[in-house]
Structures are given as C-alpha cells and as structure tokens.
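Chains as they are written, first to last, in our numbering: chain A, -19 to 446; chain B, -19 to 446. The block underneath contains the structure these notes are about, expressed in structure tokens.
2 protein chains.
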Amino acid sequence: MVDSSVNSRRDYSQGLAALQEIFGDRACVDINICANHGHGEGYIQSMPPDMVIFVNSTEEISQIITICNQYIIPVIAFGVGTSLEGHVNAVDGGVTIDLSQMNEILQVNPQDMDCRLQAGVTREQLNHDLRTTGLFFPIDPGANATIGGMAATRASGTNAVRYGTMRENILGLTVVCADGKVIRTGGRAKKSAAGYDLTRLFIGSEGTLGIISEIQLKLHPIPMAISSAVCQYPDLKSAVDTAIAIIQSAIPIARIELLDDVQMKASIQYSKLEGYMEKPTLFFEFHGSDNSVKEQSEMVGELSNEFGGNDFKWSANSEDRNKLRQARHNAYYAGKSLSPNRDCIATDICVPISNLAECLVETKKDIEQTGLIAPIVGHVGDGNFHLLILVDKGQGEEFKCAKSLINRMNMRAISFGGTCTGEHGVGIGKKHFMAHEHGDAMYIMRLIKKSLDPKNIMNPKKIFDM
Amino acid sequence: MVDSSVNSRRDYSQGLAALQEIFGDRACVDINICANHGHGEGYIQSMPPDMVIFVNSTEEISQIITICNQYIIPVIAFGVGTSLEGHVNAVDGGVTIDLSQMNEILQVNPQDMDCRLQAGVTREQLNHDLRTTGLFFPIDPGANATIGGMAATRASGTNAVRYGTMRENILGLTVVCADGKVIRTGGRAKKSAAGYDLTRLFIGSEGTLGIISEIQLKLHPIPMAISSAVCQYPDLKSAVDTAIAIIQSAIPIARIELLDDVQMKASIQYSKLEGYMEKPTLFFEFHGSDNSVKEQSEMVGELSNEFGGNDFKWSANSEDRNKLRQARHNAYYAGKSLSPNRDCIATDICVPISNLAECLVETKKDIEQTGLIAPIVGHVGDGNFHLLILVDKGQGEEFKCAKSLINRMNMRAISFGGTCTGEHGVGIGKKHFMAHEHGDAMYIMRLIKKSLDPKNIMNPKKIFDM
C-alpha cells in the first residue's frame, strides 16, 4: 500500500479561508465531495483534499494557485477522475481544482484542422460537437476522459498506432504556473523551431509543473472508408508475430488490438460476441480511401494467414465494427465480470516491438504461475499492453501477489528497453520504477521541478519525490 | 549587425591550458581552425572560439564540459556548420566541441525500425549506410547536416509534411549536461507516459541546455512505390490554394514544394529544367503502394486542375524525380546565381495553413516594394516558406533593407498565429522575435535554462538572453 504521508501536512487553514472568501459556495469542504475527489479509477487508496473548487476560467485557476503559492498549499487538478495510478490523490491534502465545468470548445478551425478548447472538455463531447465538420479527434484511451487530463498524462489508446499520442496531437497549451502566472505555449503553425518545446514539457507532467487550462488540438479528417476484421490465433506468439509483421510492413493500420484467451472468454460472455473461440485474438481497423482500405485489409489477411490466423474476413459494415469497438471498450468491465466480487488492478507497460512477443509470453507464464486471474489486452501495434488483475477485496495475499507480478512485469519491460508505462502515466503507483527506467536523467527532472515549482505545491509526490 | 559583445569575455586561459593538457593536439587554437568554427552558413558575422576540440566520445565531451564548468568557459557544439542563424558562433569566445568525428552508426534495429548513432553522423551518410536494410531516414533539410545538429535545431525539410520533423522522429538521446554529467533520455519503446519529456526538451534547445552526443532515431520503410509530378500555376495564390486543398483532403503526400516565379527563373537556368515557365510551381512526391501512389496522384491532379494548374502529369520514372529533387536541393545555389556577386540571407517562417496564401501574397508584395531579389521556396504543406534575399556585399543599404523585410515578414507570421522559424531555429538571428511570439512563456524558458545551466556556459546568448 502506498504511504499517504499525512504527517508532512502543514496547517492550511489560513489559505483555505482566503479561498473560501473568494469562491464562496464553489469552494467545497463537504466531506463527500472531497472524498470523491481523492481518487481516480485505480486501485490506490483514496486521499481526499481539504477543499475542492469548481472553476470556470483560467483566471480563477490563477487566483487559486496564487493563494496556494502564498500559503504553501498543495494544488491538484481534477478532470473527471479516470486516471489509474493515483494521479489525482491528494497525498498531502490541499486544494483540488475541478475543471469539469471548463468544458467549452472555444474555436474549431476546419481549414487548419485544429481546435482550441478548455481542459474540461471530454473526448466524447468533442467528437460529438465535431460531427458536422468532417473532422474527428482520434485519441481514444477507452475512458471518456477530459482532454486536459489526457494531455497531463500523455494519454494515447487504441489508434495511437496510426494517429500518435497526445504528444503528437497538441499544438499548444495555456498553462497556469506554480506562481499563478498564465502562459501560452506553442502556437498554431504545424511546426516551429523557435525555442524550448514547453508544450511537450507540460504534456505528461501530470500537473506537477502547472495546470493545463486550454489546449490547441490537432484534428483529423474522418476517413472516407473504414473497415474492420477479427482474427484468432492458435497461441499468443502467433497473434503478436502477426501484429509485428504488420507494423514492419508499414501498413498504415488504424487499430490493432490484442485480447488474450482469458480476455476473450470474458468478452464473449460480457459483450455477447458470437462465433468466437477463447483464443488469442486480434481486432483490426483500417482507415483510408475505399481502395486503400481494401488493399490494407488484403495485405493484413495474407500476413495473418502466414502466422496461422483463422479465416480472415474483413467488413466495411459499421454495425459489426461498432460491436467490436464496443466489446473492446468494455474489455475492462468484461474482465471484471470474470469475478465480480474481486477488485481490479489495471497496469500497462510498453516495449520495443521486437521484444513484444517474448515480453508478452513471459508475462503470460508469470501470470499463470501466480494463479491470479489477469486478462491481457494490448495496443500491440505500439508494443503496449495491459493487465487487468483481479484480486480479493482488502489488501491481502492476492493484492500482494498482484503487486509483485506488476513489479516483475515493469522491470521486465525496462530490461527489454521499454517503459514502465506506455500510456497510464506514473502518478503514485509507478514512482518506484522511474529511477530504474531513467537513471541519472532523474536529476534533470528534479531540477526542472524545483525551478518551476520551488515550493513543491503542484501535485506533490507524483511522478517522483523531491 | 549583431553585436558580438566581446566585452563580456572573461579570461579563459587557465581552463584552456587544462584542456590542452588533456587533449594535446586535438585541442586546436590555430587561428584558421577557430575562424572556420566561428560561423555556420548564415549571414551573421563570424565569431571564432578560442579553442576547437575534435572529440571522439561522449566521455570526452563530458571531460571538456566539466572543465569549462569549473572555469566558467562557454561551450559550443559544432557538427558540420550548416546552420543559418548563427547557432555555432562563439559570441563570447570559449571552446567549440567539434563532433564531426563522432560519426559512428552504433546500432540498426530493422525489426523496430530504429537506430542509434553518434551525433556527428550526417543524414546522407546515414541513408547511404541504410541502403541495404530497406529502411531510410526521411528528414531532409537540404544541407547534409549532422543528425546531432538537426536534433539540436529541431530541423525538418521537404518531406516533414508526411514524416514529421526531428521532434517526431527521435526516441531518445544521450546528453552531456552543463555540469558534465551524462544522461540518457527516452527509450526504445514507441511511446511512454513515464515522466517529463526530456527528449523533446533537448530537441530544439540549440546546445543551450546540454550537448547531444547520441541519438536513438526512428527509421521508415522505403516506400514500395514513389511517383512525382510538377505543376505550374497562373499566380502564387492558385499554387498555394492547391497545396492547402491537398492537405485538407488528407492526402498523405510526401513532398509538396513551392517555387515562386523568381525561383523558377533561377532553377530553370541553374538546373537546366526544360519545358518549364517562370511561373509559380509545385513539385509533388507521392510515397506508398503502387495503387496508393496512383490514387494520390490522381486526386492531386484533380485538385490542381480546379485551381488552374497546367497539364498535370505524374511519373514513376526515377530519373525525372531525381532531376526535380536535385533542382529543389540546389534552389539555394540557383537563387544565388541570379546575382553571383551578392551575398545571400536565408530566412524562414511558418504559419497556419489557412493563413498561408495571404501571408505569402503579402510577403511577395513586400519583396516587390523593396526592389530586392528574393526568390521564395516553401514546404507549403506545412505552411512553411523561405526567402533567399540577395544583397550587396558589406552591410550597406540592401542589407538594411533586407533586415527590415525579414522583420516585417516575421512579425507578419506571428500576427497570423505562426512562428518566426519553422525549421531554421533561433540562434542569434531570431532572438528578438522570441518575446513577440512566446510572450510570458519566455520566463519559463529562462527558469529552465537557469536551473540546467546556472553558470550560463552552454552556447550562451543563443535563443534568448538571460
């Protein structure tokens, strides 16, 4: 269990009073509201803040941070609480800024295929609002997260293999810094060589350097044609080798999702997928022109056959596709339904694709040896995969066993030249892998943190300890 | 003229003696060698260092910086000196580290489509060495620059429109920091959400935060098919509008290069391009499968016709293509040949594509009003274009006139939501636009510089002044 280190709390009462004076009812100290803001969707114990303030503007965020800076009070940004590694937990209490009401899309520029929005806009809201423009925002981490939260954790998801991650899809940001100053990073040009890449520095900084309040986001044209396919394989390695061959052939595939036999068992039941076996399975999606989609599908079909995939059929039927997408999105709930009374621990790693098969097969063997139920799903085109580990409630033997499984899996990823998290972020849960992964580079991260947030008020004790 | 501020030089003799003791003959104080290292290819007056050291390893760079840190001596990294904005000029003298002998390709991983190399490898050397692997490195800024220099200036070039810039094509770096410590940033996984994006922070930092000594670089499969086309337009706006329409149609074009009438005049003469008129012209290149290249070419042909482009013909003939590519690469020399006795000033800006036509047309009018000869070439798919301004030798009236033309052009780009440099970088030449472009964000850049390089020894007086 993570130590919440409440001992290091100072007395915040003066600062909290100052905030209450300005924000009145919107500065909540209600115990339930604070409790709801003390955790994301992950397994890490809730750590409620002392106050939650629902903000409407960048200026309000600036006001709050200015006061928190004066009184040295921790400040945590909160979107809709879908993070998995304890990113929003208030380790030392303090003030949580809830940005969910900052949900305005400020500008859509169809000609430039970009938009500007407030950080509290969710990805489903954005795509709903874009539906008449012919454009869409592709990044899809599964959860209906806020764009601000996705930026802060450098999120990606099912179609990053084609469209990239948040890192590649943000042009610029408005950020409120640790002293309350508001800056704009980046711009609207597609590229720039003018100075330090502050945009990329704040993306993935998990609120530890400043709070992202607005985002200039790249959009993409809705493809003229979309097709999808499913294929099942005799074993995990054959499925993964197919994925690797596809990537190495530079087929511009839009989604290539792995579900192992355990996950398929869960999804067949939960999402009523008919006609599938409990075998390692790849879901494919192709975007492009009619010709290109056909060509991609055929090439993938050939590769899939070479690795023993069963009868490969592709379809442009959107009903089939939506059912598959939905099943993929519901993989978490399906996995959970394998043992409804247990808790879930979701974790992810990412490795170079040449090591993916070995890393996955070793991890699968490791799971089997633990006896835990832990379905695997993966964005395998990127070398990224997830475990959903089911453990008894409370933090008994299964929890401990799961934690050591996660430890081994992360160290394995790092030893394969990979990373302890492809997309979930570090938060609290993965802090102890950072030195293993980054070695001496950690001191540069600490120098940056110290210079941008000298009082360590911005989401303290996340990513690394000072 | 830029003030070289030699007044702020300290006495470096003790530190230089310590370096000479370690490096012997490789620590050159020869006046000619120092003079050759005092400038890139740009117009900014040479500012020689006091010593040039030719290094062979990261460890040697670390040794040098450790001593320079101790004696507070400026340290400047030098590859092959192709930069354009005074990046390598030794404003306050000091030690230039020449990395051109660190030109080893350390590892090529065909399965992961990446490689690791020393910073002194040039892009032509890399592609030559890769020729049997089926892979290539696409970023092509024209000059045969080193990969280290390209990383440090966030370079891009003709096919960034498809393959991205150095920002998108680097997985990780080895960097020697201002205190001599060596760190490794990033990794080999395709994506990661583990901590601050130090890789992106060093890319484009122009040697002001540390010296990049090794690079983990993404590679791409050589396309199965390549075709090219040329089309000429009645006026600049029609050419640009064609480019914009292509981008907005999401055609995955690999190159879309604009040459204005003046540049065409120069290139027809210099590169012996037969059958072309002195009119605004687009060069196109398509990468993909046979079908996809055909489809892309046809779609572009249709769009081009709509905007009054002349007879659009595409060809898969590599001889034609190489001639066009060569002509594009030689645009600089062709432009220069319009008035061989004059000096050249090359400058670039980048704007959102919706503003590109207006920005280009206004700039063209501005050039005409000055009476200067200044051909335009552009990577218009990215909203990026260049002027090559020809001015009398010495720094008389034409030079002054060119400088104010550049000022207006940069302020115009910024007012259009763009940037003062799409790919050349800031160096000395564009420092005064930084505050206009980035506003309050400059203080965050300064905080970072101060924390990572507290003695201001790393390429001082570049990008911004402290």
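Note that CB positions come from ideal geometry on N, CA and C, so glycine has one too.
With 8 angstroms as the threshold, decide whether the Cβ of residue i is near any Cβ in chain B.
| i | result |
| --- | --- |
| Y176 (chain A) | yes |
| H366 (chain A) | no |
| S(-15) (chain A) | Here S(-15) (chain A) scores only 46 on pLDDT, less than 50, and its place in the model is too uncertain to base an answer on. |
| V(-18) (chain A) | In this predicted model, V(-18) (chain A) has a pLDDT of only 42, less than 50, meaning its place in the structure is not dependable enough to derive any value. |
| L238 (chain A) | no |
| P29 (chain A) | no |
| E348 (chain A) | no |
| I428 (chain A) | yes |
| S185 (chain A) | yes |
| A421 (chain A) | yes |
| S431 (chain A) | yes |
| S136 (chain A) | yes |
Closest Cβ-Cβ distance between residue i and chain A: below 8 angstroms?
| i | result |
| --- | --- |
| C400 (chain B) | yes |
| S193 (chain B) | no |
| A225 (chain B) | no |
| T165 (chain B) | yes |
| S272 (chain B) | yes |
| C14 (chain B) | no |
| T126 (chain B) | no |
| G397 (chain B) | yes |
| C48 (chain B) | no |
So is the beta-carbon of residue i under 7 angstroms away from any non-hydrogen atom of the ligand NAD?
| i | result |
| --- | --- |
| T76 (chain A) | Here there are no bound small molecules, and the ligand NAD is not part of this structure. |
For residue i, name the three-state secondary structure that DSSP assigns.
| i | result |
| --- | --- |
| F117 (chain A) | coil |
| S(-15) (chain B) | A caution first: S(-15) (chain B) carries a pLDDT of 46, below 50, which makes its placement in the model unreliable, though a value can still be read off. It is coil, neither helix nor strand. |
| Q(-6) (chain B) | helix |
| F287 (chain A) | coil |
| R134 (chain B) | coil |
| R235 (chain B) | strand |
| S63 (chain B) | coil |
| Q91 (chain A) | coil |
| F383 (chain A) | Reading off the sequence shown, one finds Lys at residue 383 (chain A), where the question assumed Phe. In this structure, K383 (chain A) counts as helix in the three-state DSSP scheme. |
| K435 (chain B) | coil |
| M31 (chain B) | strand |
| N107 (chain B) | helix |
| S280 (chain B) | The residue you asked about is not Ser; residue 280 (chain B) is Val in the sequence shown. Looking at V280 (chain B) - three-state DSSP - the assignment turns out to be helix. |
| A158 (chain A) | coil |
| P440 (chain A) | coil |
| A123 (chain B) | coil |
| R305 (chain A) | helix |
| I52 (chain B) | coil |
| T145 (chain B) | coil |
Quick one: list the residues of chain A neighbouring residue i, beta-carbon separation under 7 angstroms, in chain order.
| i | result |
| --- | --- |
| V75 (chain B) | The premise fails here: V75 (chain B) is roughly 22 angstroms from chain A at the closest Cβ pair, so nothing lies under 7 angstroms. |
| H418 (chain B) | G175 |
| R142 (chain B) | Those within 7 angstroms of R142 (chain B) in chain A number zero; the least Cβ separation is about 11 angstroms. |
I want to verify the contact list: residues of chain A whose CB lies under 8 angstroms from the CB of residue i, in sequence order.
| i | result |
| --- | --- |
| P121 (chain B) | None at all; the shortest Cβ gap to chain A is about 10 angstroms. |
| C211 (chain B) | The contacting residues do not exist; C211 (chain B) stays about 21 angstroms from chain A at best. |
Which chain A residues are close to residue i, counting only those with a beta carbon under 9 angstroms from its beta carbon?
| i | result |
| --- | --- |
| V406 (chain B) | A173, A174, G175 |
What are the partner residues of residue i, as DSSP defines its beta bridges?
| i | result |
| --- | --- |
| G268 (chain A) | A:A205 |
| S334 (chain B) | Bridge partners of S334 (chain B): none, in fact. |
| N364 (chain B) | B:C330, B:H359 |
| C324 (chain B) | B:L370 |
| Q98 (chain A) | A:E194 |
| Q212 (chain B) | B:T261 |
| S295 (chain A) | A:S208 |
| L200 (chain A) | In the sequence as presented, Leu is not what sits at residue 200 (chain A); that position holds His. Looking at the DSSP assignment, H200 (chain A) forms a beta bridge with A:F116. |
| F58 (chain A) | A:D78 |
| L447 (chain A) | No answer is possible for residue 447 (chain A): the residues shown for chain A start at -19 and end at 446. |
Quick one: which chain B residues come within Cβ less than 7 angstroms of residue i?
| i | result |
| --- | --- |
| P332 (chain A) | D92, R168, A169 |
How would you list, in chain order, the residues of chain B whose beta-carbon sits under 8 angstroms from the beta-carbon of residue i?
| i | result |
| --- | --- |
| N89 (chain A) | P332, S334 |
| K410 (chain A) | A174 |
List the residues of chain B whose Cβ lies closer than 9 angstroms to the Cβ of residue i, in chain order.
| i | result |
| --- | --- |
| C8 (chain A) | Correct list: empty, because the minimum Cβ distance to chain B is about 30 angstroms. |
> Below 8 angstroms, can you find three or more Cβ-Cβ pairs linking the segment 322 to 330 of chain B to the segment 292 to 309 of chain B?
Replying inline: no
> Do the segment 132 to 143 of chain B and the segment 228 to 244 of chain B meet, that is, are 3 or more Cβ pairs less than 8 angstroms apart?
Replying inline: yes
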